[in-house]
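Just below is one structure, and these are the notes that go with it.
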Amino acid sequence: MALFQAIVVEKTKHSSEMSTKNDAPVKIGRWKNQYIDLVAQCEEYIISFPNRGIPEDARARFLSETENWPRIVVEIGSGSGGHIIEQAALAPEVLHIGIELRFKRAFKTAEKAQKRGLTNVRLLRANARILPEICSPGRLDGVYVNFPDPWDKKRWLKNRILNPEFLEQLHGLLSPQGYLSYKSDHQGYFAETLSQLEKSGKWHILHKTTDLYSSELLSRNVPSEFELLFKSKKIPIGYLLAQKIGAISIPDV
Ligand SMILES: C[S@@+](CC[C@H](N)C(=O)[O-])C[C@H]1O[C@@H](n2cnc3c(N)ncnc32)[C@H](O)[C@@H]1O
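When we follow the numbering used here, the leftmost residue of the sequence shown carries the number -17, and every step to the right adds one.
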């Protein structure tokens, strides 16, 4: 895709210019996020949803992009794609969908997929809370949530993406063998989510550790970008793998 080769964008914080590595600076509006346009030009990989509402064309595109894949996994808040891209390279027969709010990070992930020649990656530039509205029950084989924003002030707790209601929705979207993989550097958020999963009585916790890098679970680990940062600061990382109760085979993750 020529887009990725031609445009490497750098934005200067206090000026109204953006420069490309290959071109002369281009004037843009003072606060315009140039990645909005780049994401729009990146249709091969990215479906962008507006912040409110779900347009019929975006929903239809999600369905047509996913219908022929027998297996689908989703990463919620996939960031710049370090984790989902490696997972996609390991399992080319599985469609890997990253859902990311930020335009720049969605674009960077698409760029990585294109560079690696991966045809099993799609991005939703969207709020992950729309997932239950666009995805059919039982359609997903796995959900990854890596280092979600912790929102750790008391008045912000309601903003956490993982809460009992969303976990219940994810449970409904997963196939009978479906799994949830969760990592966090925030031990309070990690413990809270673990307790919510256990209390619901709907999940079997296959693995759990509050210190992934001192555990034997590390051998199969695929790190994310934030994870490498926390690891370099020696911050312990909580990890759990949960599966729907009643599953008859253990996921290969
Ligand atoms: C702390 S970062 C972690 C990124 C990546 N998972 C990693 O481990 O490197 C959290 C990411 O979640 C995204 N995010 C936060 N809330 C979201 C939401 N409701 N829907 C989609 N993405 C979200 C943020 O934009 C950010 O990229």
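C-beta atoms are modelled at their ideal positions from N, C-alpha and C, and glycine is treated no differently.
Residue i by DSSP, collapsed to three states: which one?
| i | result |
| --- | --- |
| Gln225 | strand |
| Lys165 | strand |
| Leu20 | helix |
| Ser259 | This structure cannot settle anything about residue 259, because the visible part of the chain is limited to -17 through 235. |
| Leu105 | strand |
| Thr(-6) | Bear in mind that a pLDDT of 35 at Thr(-6), under 50, signals an unreliable position, so the number given afterwards is only what the model happens to contain. Coil. |
| Asp5 | Unreliable positioning characterises Asp5 in this predicted model, as indicated by a pLDDT of 38, which lies under 50. A coordinate reading is not provided. |
Residue i to residue j, Cα distance in whole Å?
| i | j | result |
| --- | --- | --- |
| Leu106 | Leu113 | 10 angstroms |
| Glu180 | Leu223 | 12 angstroms |
| Gly170 | Trp138 | 14 angstroms |
| Ser53 | Trp133 | Going by the sequence as given, residue 53 is Arg instead of Ser. So the two alpha carbons sit approximately 32 angstroms from each other. |
| Glu38 | Ser118 | 15 angstroms |
| Ile187 | Arg43 | 34 angstroms |
| Ser163 | Leu20 | 30 angstroms |
| Asp193 | Glu174 | 16 angstroms |
| Ile143 | Ser177 | 15 angstroms |
| Asp234 | Lys14 | 43 angstroms |
| Ile219 | Lys165 | 7 angstroms |
| Lys140 | Tyr221 | 22 angstroms |
| Ile227 | Thr191 | 20 angstroms |
| Met0 | Ile18 | Reliability fails at Met0, whose pLDDT of 35 lies under 50, so the model's placement of it is uncertain and the value that follows must be treated cautiously. Their Cα atoms are separated by approximately 14 angstroms. |
| Lys215 | His168 | 14 angstroms |
| Ala6 | Gln23 | Low local confidence applies: a pLDDT of 38 at Ala6 is under 50, so the model's placement there is unreliable, and no value is given. |
| Asn4 | Gln96 | Its pLDDT being 37, under 50, Asn4 is placed unreliably by the model, and nothing is read from it. |
| Leu77 | Phe172 | 27 angstroms |
| Pro146 | Ile29 | 27 angstroms |
| Ala92 | Glu75 | 18 angstroms |
From what residue to what residue does the alpha helix (DSSP H) around residue i run?
| i | result |
| --- | --- |
| Lys238 | Since the first residue of the chain shown is -17 and the last is 235, residue 238 is not available in this structure. |
Is it the case that the CB of residue i approaches a heavy atom of ligand 3 more closely than 7 angstroms?
| i | result |
| --- | --- |
| Ile187 | As far as ligands go, the structure on display features ligand 1 and does not contain ligand 3. |
Counting contacts by CB-CB distance shorter than 8 angstroms, is residue i in contact with chain B?
| i | result |
| --- | --- |
| Ser196 | Of the protein chains in the structure, only one exists, and it is not chain B. |
Exercise. What are the start and end residues of each continuous beta strand (DSSP E) run of 3 or more residues lying completely inside the stretch 14 to 92, in chain order?
Worked result: 28 to 30, 54 to 58, 77 to 82
Exercise. Where in the stretch 132 to 200 do unbroken runs of the alpha helix (DSSP H), each at least 4 residues long, occur, reported from the N-terminal end onward?
Worked result: Listed in chain order, they are 146 to 155, 169 to 182.
For this session: Spell out a yes or no on whether the stretch 203 to 216 and the stretch 57 to 72 are touching, meaning 3 or more CB-CB pairs, one atom from each, closer than 8 angstroms.
Result: yes
Exercise. Looking at C-beta atoms only, is the number of pairs between the stretch 84 to 99 and the stretch 194 to 203 that lie closer than 8 angstroms three or more?
Worked result: No, the stretch 84 to 99 is not in contact with the stretch 194 to 203.
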